[in-house]
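Using full-length UniProt numbering, read the sequence shown as starting at 1 and increasing by one per residue.
By construction, the Cβ of each residue, glycine as well, lies at the ideal position given by its N, Cα and C atoms.
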Amino acid sequence: MASEANGSLANEKAPETVGVGRYVEMEQDGDPNTVKSRLSGLLWHGGSAYDAWFSCASNQVAQVLLTLPYSFSQLGMLSGIMFQLFYGLMGSWTAYLISVLYVEYRTRKEREKADFRNHVIQWFEVLDGLLGKHWRNVGLAFNCTFLLFGSVIQLIACARYHESICMDYTVVSRAVLICMVHRVANSYAVVYGSSISNIYYINDKLDKRTWTYIFGACCATTVFIPSFHNYRIWSFLGLVMTTYTAWYLAVASLIHGQVDGVKHSGPTKMVLYFTGATNILYTFGGHAVTVEIMHAMWRPQKFKAIYLMATLYVLTLTLPSAASVYWAFGDQLLTHSNALALLPRTPFRDAAVVLMLVHQFITFGFACTPLYFVWEKLIGLHDCRSVCKRAAARLPVVVPIWFVAIIFPFFGPINSAVGALLVSFTVYIIPALAHMITFRSASARELSCAARCMQNAVEPPPRLVGRWTGTFIINAFVVAWVLVVGFGFGGWASMTNFVHQIDTFGLFTKCYQCPPPPLPPGAAPALPFPGGLGNITMPFNGTAGGAGGLPPAQAPSPAHFLHHHHRHHSHGL
């Protein structure tokens, strides 16, 4: 971020004829020469190309970093690598399409003298302006539902981290310090409350539902962050956290070496293959917030290649870490959806757990902020400049997210289901179709080219992809592939596993996939599924390789949590 002081980036703040109007945030203008203003600009006011790159990279790789080795165990090494490269490239392409449509929409509106200084443009508004209200409604439904479940996933992931490590006092202290700093920044202009003290209760005596309550309250502090324009320091720190965790996984796995009798039998079942592929589809589907990130930029036209650059960096994290962990542990990952569960406890792993825990708060904010905007526009408070009024108005958005996380605490299955049913349409099919329809006529393409000559719109597709003809072919392929493989096969596989989770554990389960309570001496083990072995169906996070496999642990009774204090380091998150 220090490089932003260079002259080349300083020019980004200069006004342009089109596409510069930027969102006026909820803070008061002050003297730009004061120390407070300079510090605020360094940590708070981001709008450069670097800020957008940090936001895209930090948002793209989050808790899925820990589940990708599990996907490799389902897909096999070769398929896992190929799907990451393929979906990474496809995601970058559709992010490019979204950026083209955003600039086209904004150009048209600013020709009509529209003022966006107090308004954040969102994806459904782009669809409305270019294609009409029916596209707006479809885009709004898919985008909001995807972001809602994306926020739910972050909340569930927070509740699962406490199992990976029995934290001692030092680790808890580190978590307290980091989360207190996070809350201070979130409560930028107000006095923050005392609920952050809940972090002191990190221990293995609390079940996952209780952790969901606690982290839900902590994540609610994101209501104080006005927009993506104000995620400068958090995007930077978030990427540092995921970078450390990714290279820790890779190095620790290589140092650990292969376990005795390691097997790499994947792929073994079609259901497992497509659930693994869908999880990777979800991994590179983080560009549902592309429009909001672009709108926070001083020059949105520079976004074209930013997402591709972010994806290339993310691949340097996901490929070495996933491949190394799968090489070391093989089929053991089929029963451990979180890679940290298989690595021995060390201070380095403690640090990775804490950093990924804090990163969940940042990712929750990324997923939830567009929902805040939609809600503000619905109730007529989007142009309000008061921090407290808008924060209070945003709180009802957190409640349904909290509730859904309690109903469906299925960490692995919900990732795959969201990827197949929501990501496939939200960030792949709809953008590709919208681009094809917007520029389907020669007049629309000529208008775009003419506008480009006046520096009022984006240029036509690059020659590398074959200009307009090549773009239409690529878009048609994206739609067909994602519709058949992602939504079709992926939806079938993920929903099959999701239903199995509900049948096995039920809704509102108190502690999903927690270790079973210890049996009394001399007691015979009971089958964890009603009806005997004939009804055992392996869920997403509990599928074992080989014949039969081991069934997942049944959720223990509430009395278990009053007496159970031990967690072995090999338990899954």
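Sorted by chain position, which residues of the same chain lie with C-beta nearer than 8 Å to V259's C-beta, five sequence neighbours on each side aside?
-> A distance below 8 Å between beta-carbons, with the five flanking residues on each side excluded, links V259 to the following residues of its chain, in chain order: A328, F329, G330 and Q332.
To the nearest angstrom, how far is it from the Cα of L89 to the Cα of T34?
-> One alpha carbon belongs to L89, the other to T34, and they sit about 44 Å apart.
Along the alpha helix (DSSP H) that carries T316, what are the first and last residues, could you check?
-> Run containing T316: I306 to F329, per the alpha helix (DSSP H) assignment.
Where the alpha helix (DSSP H) containing P69 begins and where it ends | Unbroken alpha helix (DSSP H) run through P69: V64 to L75.
Report the three-state DSSP secondary structure of C384 (helix, strand or coil).
-> Secondary structure of C384 (DSSP, three-state): coil.
Are the beta-carbon atoms belonging to V479 and I429 less than 7 Å from one another?
-> Yes.
How would you write the range of the alpha helix (DSSP H) that E292 sits in, first residue to last?
-> That run of the alpha helix (DSSP H) goes T290 to H295.
Does the separation of the CB atoms of V61 and V399 fall below 7 Å?
-> The answer is no: Cβ separation not under 7 Å.
Locate the alpha helix (DSSP H) running through L334, then write down its first and last residues.
-> L334 -> no alpha helix (DSSP H), and no H or E assigned at all.
Who are the near neighbours of I81 in its chain, counting only those whose CB is closer than 6 Å to its CB and skipping five residues on each side?
-> Counting only Cβ-Cβ distances below 6 Å, and skipping sequence neighbours, we find nothing.
If you drop the 5 nearest sequence neighbours on each side, which residues of the same chain put their C-beta closer than 8 Å to that of F373?
-> If we look at F373 and ignore the five residues flanking it on each side, its Cβ neighbours are V120, Q122, S227, E292 and H382.
Would you mind working out which of G46, Y50, C56 and V482 sits nearest F274, comparing C-alpha positions?
-> Comparing Cα positions, the closest option is V482.
Between the Cα of L97 and those of T471, Y87 and A341, spot the shortest distance and give me the residue it belongs to.
-> When each option's Cα is compared against that of L97, the closest is T471.
Sub-7 Å separation of V484 and T94 beta-carbons = T94 sits away from V484, with the two beta carbons spaced by 7 Å or more.
Those runs of the alpha helix (DSSP H) which lie wholly inside the stretch 52-139 and span at least 4 residues | Within the stretch 52-139, the complete alpha helix (DSSP H) runs of at least 4 residues are 64-75, 77-111 and 123-131.
Check whether F487 and A420 have beta carbons under 7 Å apart = Yes; because the gap between Cβ atoms is below 7 Å, this pair is in contact.
Check the C-beta distance from A434 over to L130 and give it rounded, since I have them as a contact under 8 Å.
-> In this structure A434 is in contact with L130, their Cβ atoms being roughly 7 Å apart against a cut-off of 8 Å.
What's the gap between the Cα of L342 and the Cα of A322?
-> Cα-Cα distance, rounded: 13 Å.
Got a sec, what are the start and stop residues for the alpha helix (DSSP H) K263 sits in?
-> Careful: K263 lies outside any alpha helix (DSSP H) and carries neither H nor E.
With burial defined as no fewer than 16 other Cβ atoms inside 10 Å of the residue's Cβ, what is the status of H336: buried or exposed?
-> Counting Cβ neighbours within 10 Å, H336 comes out buried, since at least 16 surround it.
Name the residue from A49, Y102 and T290 whose alpha carbon lies nearest to the alpha carbon of S92.
-> The shortest CA-to-CA distance from S92 to any of A49, Y102 and T290 is the one to T290.
Where Y282 falls: helix, strand or coil (DSSP) = For Y282, the three-state secondary structure derived from DSSP is helix.
What residue from E104, S443, N59 and F439 has the CA that sits closest to Y231's CA?
-> Y231 has its Cα closest to that of N59, out of E104, S443, N59 and F439.
Does the stretch 386-400 come close enough to the stretch 263-271 to have 3 or more Cβ pairs within less than 8 Å?
-> Short answer: they don't touch.
If you drop the 5 nearest sequence neighbours on each side, which residues of the same chain put their C-beta closer than 7 Å to that of F303?
-> Cβ within range, chain order: A52, S99, M294 and M297.
With 16 as the cutoff for other CB atoms within 10 Å, does R467 come out buried or exposed?
-> Label assigned to R467: exposed.
Hey, H359 and T278 are a contact pair by Cβ (cut 8 Å); roughly how many whole angstroms apart?
-> About 23 Å; that fails the 8 Å criterion.
When burial is assigned at 16 or more other CB atoms within 10 Å of the CB, is S48 buried or exposed?
-> By the 16-neighbour rule on beta-carbons within 10 angstroms, S48 is buried.
Anyone know if the C-beta pair for G276 and Q84 falls short of 7 Å?
-> No, they are not a contact pair.
Does the separation of the CB atoms of A246 and L334 fall below 7 Å?
-> L334 sits away from A246, with the two beta carbons spaced by 7 Å or more.
For I233 versus L43, is the C-beta spacing smaller than 7 Å?
-> Yes.
Could you tell me whether the Cβ of N230 comes closer than 7 Å to any Cβ of chain D?
-> Among the chains in the structure shown there is no chain D, since it carries only a single protein chain.
Classify S441 as helix, strand or coil using the three-state DSSP reduction.
-> S441 falls in the coil class under three-state DSSP.
Would you tell me roughly how many angstroms separate the C-alpha atoms of V126 and V251, rounded to the nearest one?
-> Here the alpha carbons of V251 and V126 stand approximately 44 Å from one another.
For L272 and Y87, believed in contact at Cβ under 8 Å, the rounded distance | L272 and Y87 do not touch by the CB rule: their CB atoms are close to 17 Å apart, not below 8 Å.
Closest to S441 by CA distance: which of A351, T469 and P300 is it?
-> When only C-alpha atoms are compared, the closest one is T469.
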